[in-house]
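Under full-length UniProt numbering, the letters of the sequence shown match residues 1 to 218, in that order. C-beta atoms are modelled at their ideal positions from N, C-alpha and C, and glycine is treated no differently. Notes for the one structure printed next.
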Amino acid sequence: MRIPGGILAGTALVLLFPVLSISCAGTGAVPGGDGIQTVDSKAEIPSWEHGLAGAYSEYFPLGAAVNSATISSAKHMLSREFSSLIAENEMKPSVIHPRYGTWHFYAADEIADYARTHGMSMRGHCLVWHRQTPGWFFSSYGERAGRDLLLERLRDHMSVMYQRYGDVIDVWDVANEVISDDHAEFLRPSPYLDILGDDYVAEVFLLAREVMPDAKLF
1 MRIPGGILAG TALVLLFPVL SISCAGTGAV PGGDGIQTVD SKAEIPSWEH GLAGAYSEYF
61 PLGAAVNSAT ISSAKHMLSR EFSSLIAENE MKPSVIHPRY GTWHFYAADE IADYARTHGM
121 SMRGHCLVWH RQTPGWFFSS YGERAGRDLL LERLRDHMSV MYQRYGDVID VWDVANEVIS
181 DDHAEFLRPS PYLDILGDDY VAEVFLLARE VMPDAKLF
């Protein structure tokens, strides 16, 4: 899943449903099984006192894709209108773990700390992807890394992510965009497929479950 920058489009989409609900408010006639039934839709309109997040808290979470700049420029709107966050790029392997032994936590920490401060949940995105994964994941001394080495590196990466953000992230995107765009193929060509084989999706989910026993995995 490639997440577009900003949150305006998502906000406009979310706002559409309340507008439709309000426009339909009032007592009206709708077709029923035995003829015409009268309904009062006003009773179903949620309260907007605490924003969209509060209005729909009993139904579903409202999420926004953000970056470290967004949580500063739109911080008041985010905390009022949304209950869950997802980092656009800050938690992808090439950004947060660009080199062996090197971690860049600052931007991801900003987003996670904002979520913690405002009582919001997060969705972790993502752990395994054919894009935005650093080349060192797949190499060893100039040669292609073997299966065991790649799985070991993935385990280490997942463990660090879970230990650092597991208190605020309860849902993780494990394997992203694994199906090929080519109708003649099933799995998308990638170093993961080349090294781990046709069952790599199952392998990485089993690995993620081992490392993240309490998380929801997608």
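Check	Outcome
Gln103, DSSP secondary structure in three states	Before going on, a small fix: residue 103 reads as Trp here, not Gln. Residue state, collapsed to three classes: coil.
Option nearest Leu85 by Cα separation, candidates Asn67, Asp199 and Ala184	Asn67
Alpha helix (DSSP H) runs contained entirely in the stretch 128-214, provided each spans 4 or more residues	147-165, 191-196 and 200-211
Neighbour-count burial assignment, Ile179, 16 or more Cβ in a 10 Å radius	exposed
Contact under 7 angstroms by Cβ, Val160 with Ala112	no
Whether Glu90 touches Gly51 by CB criterion (7 angstroms)	no
Neighbour-count burial assignment, Tyr200, 16 or more Cβ in a 10 Å radius	buried
Proximity below 7 angstroms, CB of Gly124 to CB of Trp172	yes
Top-ranked residue by Cα proximity to Ala74, from His97, Tyr114 and Gly101	Tyr114
Beta-carbon proximity list for Leu217, same chain, < 7 angstroms, skipping 5 on both sides	Trp172, Val174, Phe205, Ala208 and Arg209
Cα-Cα separation between Ser139 and His76, rounded to whole angstroms	44 angstroms
Backbone secondary structure at Ala87 - three-state DSSP	strand
Beta-ladder partner(s) of Ser121, from DSSP	Ser84
Cβ-Cβ separation, Pro93 to Pro61 (assumed contact under 8 angstroms), whole Å	Incorrect: roughly 25 angstroms between the Cβ atoms, too far for contact.
Boundaries of the alpha helix (DSSP H) in which Ala74 is found, first to last residue	Premise fails: Ala74 is in no alpha helix (DSSP H) and is neither H nor E.
Buried or exposed (CB count within 10 angstroms, at least 16 for buried), Phe186	exposed
Met79 versus Gln163: straight-line alpha-carbon distance, rounded	The sequence given here has Ser at residue 79, not Met. Going from the Cα of Ser79 to the Cα of Gln163 covers about 25 angstroms.
Residues near residue 222 in its chain [Cβ-Cβ closer than 8 angstroms; skip 5 each side]	Past the edges of the chain, shown from 1 to 218, lies residue 222, and the structure says nothing about it.
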